[in-house]
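Engineer: Take a look at this one; I'll ask things after.
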Amino acid sequence: MSERTIQTERPWSLKNFFFQWEWFLVGLFVIINIINSFLSPYYFTADTFLSTPMNFLDKAFLVYPMMMIIVLGNIDVSVGSIIALSSVIMAVSYNAGLAMPAAMVLCLLVSTLCGFINGFLQAKFKELSSTIVTISTQIIYRGIAYIILEDKASGKFPSWFSFLGWGYVGEIPFIMIVFIIFTVLFAILIHRTRFGRQLFAMGNNSTACRYSGIKTENMLILVSTIMGFMAGITALFLTSRMGSTRPNVASGYELDVIAMVVLGGVSTSGGKGRISGPLLAIFIIGFLNYGLGLFNISAQVLLIIVGILLIVSVMLQNLRLGKQGQKSGAKPR
Amino acid sequence: MKNTRASRLSEYSRELGLLAFIVVLALLFQMRNPKFLTLSNLKDLFTNTAILGVLSVGMMMVLLTGGIDLSIGATIAFSGMVTALTVSANPAISPLLSLLQGMAVGLVIGVIIGVLIAYCKILPIIASLGMMNIVRGLTYLVSKGKWVSAYQMSDSFKAISTGTTLGINNLVVIAIVIYLIFSYFLNNTRTGRYVYAVGSSPETADIVGIPRRRILLLVYATMGALAGLAGVLWVSRYASAQGDTAQGYEMSVIAAVVLGGVSVSGGRGKVSGIILGTILFGMLNNALPLINVSPFWQQAIQGVVILLAVISNVLIKRNNDRMTLRKRAI
Amino acid sequence: MKKNIIAVAMIIAIMGMILPASVFAADKPKYAIVFKNTGNPYGEKQLEGFKVGIEEQGYEAILRAPELPTAEAQIQIIEQLIAQRVAAICIVGNDYDALQPVLTKASKAGIKVFSLDSSVNPASRLTHVNQADSEKIGQTLIKAASDMAGGKGEIAILSATSQASNQNIWIDFMKKELAKPQYANIKLVKIAYGDDLRDKSVSETEALLRSYPNLKVIIAPTTVGIAAAAKVVTDKKLVGKVLITGLGLPSEMAEYIDNGACPYMFLWNPIDVGYLGAYTGVALVTGKIKGAVGDKFSAGRLGNYTITKAPDGGTEVLLGPPFKFDKTNIADWKKVY
Numbered sequence: 011m012s013e014r015t016i017q018t019e020r021p022w023s024l025k026n027f028f029f030q031w032e033w034f035l036v037g038l039f040v041i042i043n044i045i046n047s048f049l050s051p052y053y054f055t056a057d058t059f060l061s062t063p064m065n066f067l068d069k070a071f072l073v074y075p076m077m078m079i080i081v082l083g084n085i086d087v088s089v090g091s092i093i094a095l096s097s098v099i100m101a102v103s104y105n106a107g108l109a110m111p112a113a114m115v116l117c118l119l120v121s122t123l124c125g126f127i128n129g130f131l132q133a134k135f136k137e138l139s140s141t142i143v144t145i146s147t148q149i150i151y152r153g154i155a156y157i158i159l160e161d162k163a164s165g166k167f168p169s170w171f172s173f174l175g176w177g178y179v180g181e182i183p184f185i186m187i188v189f190i191i192f193t194v195l196f197a198i199l200i201h202r203t204r205f206g207r208q209l210f211a212m213g214n215n216s217t218a219c220r221y222s223g224i225k226t227e228n229m230l231i232l233v234s235t236i237m238g239f240m241a242g243i244t245a246l247f248l249t250s251r252m253g254s255t256r257p258n259v260a261s262g263y264e265l266d267v268i269a270m271v272v273l274g275g276v277s278t279s280g281g282k283g284r285i286s287g288p289l290l291a292i293f294i295i296g297f298l299n300y301g302l303g304l305f306n307i308s309a310q311v312l313l314i315i316v317g318i319l320l321i322v323s324v325m326l327q328n329l330r331l332g333k334q335g336q337k338s339g340a341k342p343r
Numbered sequence: 004m005k006n007t008r009a010s011r012l013s014e015y016s017r018e019l020g021l022l023a024f025i026v027v028l029a030l031l032f033q034m035r036n037p038k039f040l041t042l043s044n045l046k047d048l049f050t051n052t053a054i055l056g057v058l059s060v061g062m063m064m065v066l067l068t069g070g071i072d073l074s075i076g077a078t079i080a081f082s083g084m085v086t087a088l089t090v091s092a093n094p095a096i097s098p099l100l101s102l103l104q105g106m107a108v109g110l111v112i113g114v115i116i117g118v119l120i121a122y123c124k125i126l127p128i129i130a131s132l133g134m135m136n137i138v139r140g141l142t143y144l145v146s147k148g149k150w151v152s153a154y155q156m157s158d159s160f161k162a163i164s165t166g167t168t169l170g171i172n173n174l175v176v177i178a179i180v181i182y183l184i185f186s187y188f189l190n191n192t193r194t195g196r197y198v199y200a201v202g203s204s205p206e207t208a209d210i211v212g213i214p215r216r217r218i219l220l221l222v223y224a225t226m227g228a229l230a231g232l233a234g235v236l237w238v239s240r241y242a243s244a245q246g247d248t249a250q251g252y253e254m255s256v257i258a259a260v261v262l263g264g265v266s267v268s269g270g271r272g273k274v275s276g277i278i279l280g281t282i283l284f285g286m287l288n289n290a291l292p293l294i295n296v297s298p299f300w301q302q303a304i305q306g307v308v309i310l311l312a313v314i315s316n317v318l319i320k321r322n323n324d325r326m327t328l329r330k331r332a333i
Numbered sequence: 010m011k012k013n014i015i016a017v018a019m020i021i022a023i024m025g026m027i028l029p030a031s032v033f034a035a036d037k038p039k040y041a042i043v044f045k046n047t048g049n050p051y052g053e054k055q056l057e058g059f060k061v062g063i064e065e066q067g068y069e070a071i072l073r074a075p076e077l078p079t080a081e082a083q084i085q086i087i088e089q090l091i092a093q094r095v096a097a098i099c100i101v102g103n104d105y106d107a108l109q110p111v112l113t114k115a116s117k118a119g120i121k122v123f124s125l126d127s128s129v130n131p132a133s134r135l136t137h138v139n140q141a142d143s144e145k146i147g148q149t150l151i152k153a154a155s156d157m158a159g160g161k162g163e164i165a166i167l168s169a170t171s172q173a174s175n176q177n178i179w180i181d182f183m184k185k186e187l188a189k190p191q192y193a194n195i196k197l198v199k200i201a202y203g204d205d206l207r208d209k210s211v212s213e214t215e216a217l218l219r220s221y222p223n224l225k226v227i228i229a230p231t232t233v234g235i236a237a238a239a240k241v242v243t244d245k246k247l248v249g250k251v252l253i254t255g256l257g258l259p260s261e262m263a264e265y266i267d268n269g270a271c272p273y274m275f276l277w278n279p280i281d282v283g284y285l286g287a288y289t290g291v292a293l294v295t296g297k298i299k300g301a302v303g304d305k306f307s308a309g310r311l312g313n314y315t316i317t318k319a320p321d322g323g324t325e326v327l328l329g330p331p332f333k334f335d336k337t338n339i340a341d342w343k344k345v346y
């Protein structure tokens, strides 16, 4: 029997490098910016690129943990409700006398707890899909926010609190700095730690992982808890941008965040994805929304566009991975 | 002999438990407000729940296949709006035609979703979320931001929901007819059984030769058609068509179905169960205002009800599986 | 190789930068109005009136509304308007306070900010265009209810969910009015919330009718609520026994005014509100007024207006008294809005 070498990696070629999804996204980003510049003569200033992201970066904090959840093959539609609940509790407790920094910590605690509950329910009741668990918690968490605050608003935060969402450090918005820090942290977590590798492994085949000794239940709980924590961060920035809060804030956030993750090349069947994709997708969708707004597109058309965008991105992923899947002989989920 | 009787009871244990729960709850509500168990209130309850019932049947089939459809609220709004606009422009149109028109509109949407899920392999939650947006946007566009009001609707159109057949309100009659049709379909036809098969094990269904994708398409198309029908009924009932009609209603439908014992992972559920689930849910909606529960509690209660229902479904299933295993003990 | 590709991409981007700047000529000043949400015919009429008013004066109007009636959606829109360097923003607020940071940013950018219909806090606005005196609305509705009830009996209120300030302000004034001695025999038994949802408003009305069999009048200061309540009363053949009044759209209520379920109701013309807003905006931008008490300006076909003090500490412009709709005029108005 003659010896054969089996290739474990596809040979690197220029064509393969550029056919990566991320370059497509870069191109898309450039195109959108070019189109936007036609819509507004004041577009290409540093101010545009630095301050426009302030509008959507609060959502962006959710994209990394959502990516982890989707890599696992799950989904989480309760993030908007977690934001609402933790924001409402922060506002109410501050107005009841709690010091602002403590209220902010409380916000993070509440959101982390909500995320933990999501993970716990999914781990203990594995028969339940993440879809139904997070749909129920979505209703419950926002429902609790309504019980607490009914249809009123709560706010009147100290003036320094608005620095979070509106402040600049030098020329760069504070929120962008925080975002960059989290990007680096998550990039390391997902791509350079054992945790990250286990994440992808679980996404591909969680049964095999369980039998190999990976504590799949704990991973699930941990990932959901991280999601909860980041939802709390989003709540802080969103509330800061508005200066007050209500139980109905952050409705529809889950759709936008999932769209960003999926557009970023993370497959919903799990096990695949790179953080650079969602990172680009955040800015693509953010600037797309902004550009459409410059064009004064009506809300109804915007709805349709976002819906189409979501569906088309997933279809593109499936097409793209369908081919690769056939090559490597992976089973469809 | 004892085994079969006990096992049959356990099969229906869920339905019996639900029935008992309904009775207990009804008594509690009655104690808080004696107007609850009056004929007129019950008539209101059933009329309001009829639309929910029509939708539950469709959602049940969707859940049976392990999927979900969050776009039905938007479909209701869209088909309702289209039908209402048609009636306002052609008041002479027969109500039957309006019903068919609504169903056709819903059917088209359902087919699109079905194709996306079955043939483009998009996750049901994402496909339906995306379509929800698209259809809702279309509703606003088609209505040009206006509402269709009562005076623009013909009397015959409005009478769809206020008229009676054989003494029972039309809406309830329609709901009963739909239940009967689909109960027969799911329990007594081969295609109906295929729906269960696809849900409980998609891979096996493929291997065995069941046309899985066509079944999925059928299920979502049916859901769409029923949502379209519900849209016409809704607009007739409230004599108004708005752009944000039925926003969020899909959650209520899912709640009712899940309460009725349909498993969200697919493959399990009975029509008898969802009848009870729908009634229970309708009862909650009807009774909570009567007993002065603050409306701001209602959302949280709805969510807790769903969660408890799905968890209890899981626990019951685990118990059943254990019992089945025990029966096989050598 | 990789570097070349990147260079090409950069060049395209830079060309994109240079070209468009030269394409633009000077534009007409743009006036923007942001409503609460889309798909609301009342809002559409306001936008329409605004557009007519702005274009009459020779400027360009931008009409925006978010899909969901939330504050953060309006913040996004306002940011986009700031980027378009509009001359003025007329905001119908989804939240009294939450828009303050972004509206302050707009003011700092030189944009004149004022609110309409649903106000924002005085720090965020130069002035507020109010469709009618909130106190008068409360007084008018209570008087109507009392008259319909024959001077004594039980009444109830069916409200919306009041995301914005309106309904609660009116209800507060209604309660104050009820405390007056001439209404001693009128009892307010419940305030129900229909969430501005058709089906919920129907259930709440049915519950009211059931729980309070002696109910004489339902006041619904919300267009969805009043139509839903009127339909329930009609369906249950309680026309004449339980009367409905409140604030409603003529188109929605035509049927029920004709059949007697609602003898009369009130509203104001949203087209006029938007129109007044347009003239207020232009007056602010051209410097004719500054938004202070006593400022006077002319509002086209509506005549002259003076800015007055608003109950919340800021200033406001009042359109006029609420308009009464009944059998005599509903046929004309139902086609308008």
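Protein chains in written order, with our numbering: chain D, 11 to 343; chain G, 4 to 333; chain S, 10 to 346. Just so it is clear, CB atoms sit at the ideal spot from N, CA and C, and this is done for glycine as well.
Using beta-carbon positions only, say whether residue 132 of chain D and residue 115 of chain D come within less than 7 Å of one another.
Structural biologist: Not closer than 7 Å, so no.
Engineer: Which term fits residue 305 of chain G, buried or exposed, when burial requires 16 or more other beta carbons within 10 angstroms of its beta carbon?
Structural biologist: The residue is buried, with at least 16 neighbouring Cβ atoms inside 10 Å.
Engineer: Based on DSSP bridge pairs, tell me the residues matched to residue 276 of chain S.
Structural biologist: Per DSSP, S/332.
Engineer: What does a CB cutoff of less than 7 Å around residue 249 of chain G pick up in its chain, not counting 5 residues either side in sequence?
Structural biologist: Cβ neighbours of residue 249 of chain G beyond the five flanking positions: 76, 79, 80 and 237.
Engineer: For the putative contact between residue 155 of chain D and residue 94 of chain D, defined by C-beta atoms under 8 Å, what is the C-beta separation to the nearest angstrom?
Structural biologist: Their Cβ separation, rounded to whole angstroms, is 5 Å, which keeps residue 155 of chain D and residue 94 of chain D in contact under 8 Å.
Engineer: My output table needs one value for residue 163 of chain D: the three-state DSSP class, helix, strand or coil.
Structural biologist: In this structure, residue 163 of chain D counts as coil in the three-state DSSP scheme.
Engineer: Which same chain residues, not among the five before or five after residue 311 of chain S, have their C-beta less than 7 Å away from its C-beta?
Structural biologist: So the qualifying residues of the chain are 281, 284 and 285.
Engineer: Could you please give the first and the last residue of the uninterrupted beta strand (DSSP E) stretch that includes residue 264 of chain S?
Structural biologist: No beta strand (DSSP E) holds residue 264 of chain S; the alpha helix (DSSP H) holding it covers 259–267.
Engineer: I'd like the span of the alpha helix (DSSP H) that includes residue 110 of chain G, first residue to last.
Structural biologist: First-last of the alpha helix (DSSP H) with residue 110 of chain G: 98–121.
Engineer: When you compare the segment 116–129 of chain D with the segment 222–231 of chain G, are there three or more beta-carbon pairs, one atom per stretch, that lie closer than 8 Å?
Structural biologist: Touching, no.
Engineer: Could you run through the segment 86–107 of chain S and flag, in chain order, every residue whose CB is less than 7 Å away from some CB of chain D?
Structural biologist: From the segment 86–107 of chain S, only 86, 88, 89, 92, 93, 94, 104, 105, 106 and 107 have a Cβ closer than 7 Å to chain D.
Engineer: Between S/74, S/215, S/163 and S/115, which has its C-alpha nearest residue 38 of chain G's C-alpha?
Structural biologist: If we check each option's Cα against that of residue 38 of chain G, S/215 comes out closest.
Engineer: How would you call residue 27 of chain S, buried or exposed, if buried means at least 16 neighbouring beta carbons within 10 angstroms?
Structural biologist: Confidence in residue 27 of chain S is poor, its pLDDT being 45 and thus under 50, which makes the residue's placement too unreliable to answer from.
Engineer: Closer than 8 Å by beta-carbon distance: list the chain S residues that pair up with residue 153 of chain G, in chain order.
Structural biologist: What residue 153 of chain G touches in chain S: 236, 240, 261, 263, 264 and 265.
Engineer: Please work out which residues of its chain come closer than 8 Å, Cβ to Cβ, to residue 30 of chain S, disregarding the five sequence neighbours upstream and downstream, and give them in chain order.
Structural biologist: Note that residue 30 of chain S scores 40 on pLDDT, short of 50, meaning its location in the model is unreliable; the coordinates nonetheless yield the value given after this. So no residue of the chain qualifies.
Engineer: Okay, do the segment 151–160 of chain G and the segment 95–108 of chain G touch, 3+ Cβ pairs below 8 Å being the bar?
Structural biologist: Contact holds: three or more Cβ-Cβ distances are below 8 Å.
Engineer: For the segment 71–82 of chain G, which residues have a beta carbon sitting closer than 8 Å to at least one beta carbon of chain S?
Structural biologist: Here the close residues number zero.
Engineer: Using a Cβ-Cβ cut-off of 7 Å, state whether residue 158 of chain G counts as contacting chain S.
Structural biologist: By this cut-off, residue 158 of chain G is not an interface position.
Engineer: Any C-beta of chain G sitting closer than 7 Å to the C-beta of residue 50 of chain S?
Structural biologist: Interface residue, yes.
Engineer: Given a threshold of 16 other Cβ atoms within 10 Å of its Cβ, counted over all protein chains shown, does residue 122 of chain G qualify as buried or as exposed?
Structural biologist: So residue 122 of chain G counts as exposed.
Engineer: For the beta strand (DSSP E) containing residue 163 of chain S, name the first residue and the last one.
Structural biologist: Counting along the chain, the beta strand (DSSP E) containing residue 163 of chain S begins and ends at 162–168.
Engineer: Taking the C-alpha atoms as reference points, what is the distance between residue 32 of chain D and residue 192 of chain D?
Structural biologist: Their backbone Cα atoms lie some 20 Å apart in a straight line.
Engineer: Assign residue 221 of chain D to buried or exposed, taking buried as 16 or more other Cβ atoms, counted over all protein chains shown, within 10 Å of its Cβ.
Structural biologist: When all chains shown are included, residue 221 of chain D counts as exposed.
Engineer: Are the beta-carbon atoms belonging to residue 183 of chain D and residue 64 of chain D less than 7 Å from one another?
Structural biologist: A contact, by the Cβ cut-off of 7 Å.
Engineer: Just the Cα atoms here: how many angstroms apart are residue 60 of chain D and residue 92 of chain S?
Structural biologist: Going by the C-alpha atoms only, they are around 13 Å apart.
Engineer: Using a cut-off of 7 Å between C-beta atoms, extract the partners of residue 343 of chain S located in chain G.
Structural biologist: Within chain G, the residues near residue 343 of chain S are 154.
Engineer: Between which residues of its own chain and residue 131 of chain G is the CB-CB distance below 7 Å, once the five residues before and five after are set aside?
Structural biologist: 71, 72, 73, 74 and 116, listed in sequence order.
Engineer: Flag residue 132 of chain D as yes if its beta-carbon sits less than 7 Å from any beta-carbon of chain G, otherwise no.
Structural biologist: No, because no Cβ of chain G sits closer than 7 Å to the Cβ of residue 132 of chain D.
Engineer: Tell me which residues of the segment 174–185 of chain D have at least one Cβ-Cβ distance to chain S shorter than 7 Å, keeping chain order.
Structural biologist: Those residues of the segment 174–185 of chain D that come within reach of chain S (Cβ to Cβ, closer than 7 Å) are 176.
Engineer: Residue 47 of chain S versus chain G: which residues are under 8 Å apart at the beta carbon?
Structural biologist: Correct list: 143, 148 and 246.
Engineer: Would the beta-carbon of residue 326 of chain G be found less than 6 Å away from any heavy atom of the ligand PLP?
Structural biologist: The ligand content of the structure shown is nil, which means the ligand PLP is not present either.
Engineer: From what residue to what residue does the beta strand (DSSP E) around residue 46 of chain D run?
Structural biologist: Segment 31–49 is the alpha helix (DSSP H) holding residue 46 of chain D; no beta strand (DSSP E) there.
Engineer: What residues of chain G sit near residue 256 of chain D, judged by a beta carbon separation below 9 Å?
Structural biologist: What residue 256 of chain D touches in chain G: nothing, since even the nearest Cβ is about 12 Å away.
Engineer: What would DSSP say about residue 35 of chain S, mapped onto helix, strand or coil?
Structural biologist: Residue confidence is low: residue 35 of chain S scores 47 on pLDDT, short of 50, so the model does not pin down where it sits. No coordinate-derived value is stated.
Engineer: Would you kindly report the start and end of the unbroken beta strand (DSSP E) that includes residue 73 of chain S?
Structural biologist: From DSSP, the beta strand (DSSP E) with residue 73 of chain S extends over 69–73.
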